[in-house]
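Step one of this worksheet: look at the structure below.
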Amino acid sequence: MDSLINTRFMVLSDTHNFSFEDYPGQDFRQGLPKIDVLLHCGDLTQCGGISSFKRALSMLGSIEADLKLVIAGNHDLELDKDYWATHLDEGDLVEEHDEAMDVWTGKAAKEAGVVFLSESTHTFILKNGAKLTIYASPYTPEFCDWAFPYEHNLDRFNGRQGCDNILRATSRAKPRLHCFGHIHEGYGATRITWQSDGAFDLHEGIRARYLDWILLHEQHQFVAENLVTTPTKDARHMLLSEANGLEFGTNTFMVNAAIMTDNNEPLNLPWVVLIPLPQN
């Protein structure tokens with residue numbers, strides 16, 4: 242068996258122009274634990290905009306991590322070249338796509354330790370000696386004419402916002418960790434146990450309504466199905482650990498990491514996930 246190296250991820254999504262300066266009293270604040278990999282799953286901004294992208298980059302730059310990975314979301318309008326070219330409002334310029342991309346791929350991003358992920362499979366050798374392979378995609382089923390859409394079959398009787406094709410692909414790949422955001426109300430995490438036919442068992446996880454109880458009534462930590470909420474000296478985060486039998490190829494942690502609630506308030510905690518990765 243290959244040697245494994247414990248690797249600490251912090252997973253964020255749907256920060257929507259968030260800055261620590263504007264929300265100094267929130268649980269999500271500076272003083273977060275040092276991590277190996279920071280992953281932002283999209284919706285860095287509310288409606289795009291170069292100044293908003295720079296604001297988001299500054300926020301991510303202030304978090305201590307060896308590697309910071311960023312995926313665009315459907316609110317990050319200029320980052321979708323095709324969408325932007327066909328949705329120009331008065332005063333908008335086609336060239337703003339290139340300017341927005343430069344924010345995330347240029348000198349400032351490199352200085353902040355940020356790597357922008359296009360839709361593809363990416364491999365990184367981390368400073369701790371682990372090998373990370375990640376598949377990233379900014380695309381979501383078409384929703385209210387936002388960016389990075391793809392068409393999905395019309396279903397007038399099913400209110401779900403997810404994608405069956407992504408679920409099937411996840412069941413084939415069986416990754417250690419599957420991260421996303423987009424639907425603020427779905428914030429939470431759970432553990433999946435895959436069956437040989439691609440079906441799965443959904444273990445009890447922590448959902449947003451459950452977290453409300455935790456934050457109001459629990460002062461130290463809460464443990465349920467390997468999910469722990471824990472405070473650092475200056476900030477709180479959610480900790481997921483493989484300590485109790487998570488098996489690669491059999492189990493997947495699924496995490497909706499939306500920081501904003503359905504009322505667009507940054508009340509949700511970032512997730513810190515400790516997972517062993519193969520040594521390079």
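Numbers in the numbering used here are just positions in the sequence shown, counted from 1, shifted up by 241.
Glycine included, C-beta positions come from ideal geometry on N, C-alpha and C.
Bridge partners - residue i, DSSP secondary structure assignment
i, result
"residue 543", "Coverage of the chain is limited to positions 242 through 521, which leaves residue 543 absent and any answer about it impossible."
"residue 310", "280, 356"
"residue 376", "362"
Sequence-distant residues of the same chain with beta carbon closer than 7 Å to residue i, five excluded per side
i, result
"residue 295", "344"
"residue 415", "435, 490, 493"
"residue 420", "252, 280, 282, 496, 498"
"residue 425", "255, 499, 501, 502, 503"
"residue 369", "246, 248, 277"
Cβ of residue i within 8 Å of any chain C Cβ
i, result
"residue 249", "Among the protein chains of the structure shown there is no chain C, as only one such chain exists."
Residue interval of the alpha helix (DSSP H) (run including residue i)
i, result
"residue 429", "From DSSP, residue 429 is part of no alpha helix (DSSP H) but of the beta strand (DSSP E) over 429-435."
"residue 324", "322-326"
"residue 293", "291-302"
Contacts around residue i, its chain only, beta-carbon distance under 8 Å, and the 5 residues preceding and following it disregarded
i, result
"residue 504", "none"
"residue 322", "338"
"residue 372", "364, 365, 366, 518, 519, 520, 521"
"residue 244", "519, 520"
Where residue i falls, given that 16 or more other Cβ within 10 Å makes a residue buried
i, result
"residue 288", "exposed"
"residue 352", "exposed"
"residue 500", "buried"
"residue 265", "exposed"
"residue 319", "buried"
"residue 437", "exposed"
"residue 335", "exposed"
"residue 327", "exposed"
"residue 523", "Coverage of the chain is limited to positions 242 through 521, which leaves residue 523 absent and any answer about it impossible."
"residue 413", "exposed"
"residue 314", "buried"
"residue 293", "buried"
"residue 522", "For residue 522 there is no data in the structure shown, the boundaries of the chain being 242 and 521."
Boundaries of the beta strand (DSSP E) in which residue i is found, first to last residue
i, result
"residue 341", "Residue 341 -> not in any beta strand (DSSP E); alpha helix (DSSP H) instead, spanning 337-346."
"residue 364", "361-366"
Sequence-distant residues of its chain with Cβ nearer than 6 Å to residue i (five each side left out)
i, result
"residue 376", "362"
"residue 309", "279, 301, 354, 355"
"residue 378", "360"
"residue 427", "497"
"residue 276", "249, 251, 306"
Three-state class that DSSP yields for residue i in the structure shown
i, result
"residue 447", "Reliability of the predicted coordinates at residue 447 is poor, the pLDDT of 46 falling under 50, and no value is obtained from them."
"residue 315", "coil"
"residue 418", "strand"
"residue 493", "strand"
"residue 411", "helix"
"residue 371", "strand"
"residue 349", "helix"
"residue 501", "coil"
"residue 268", "coil"
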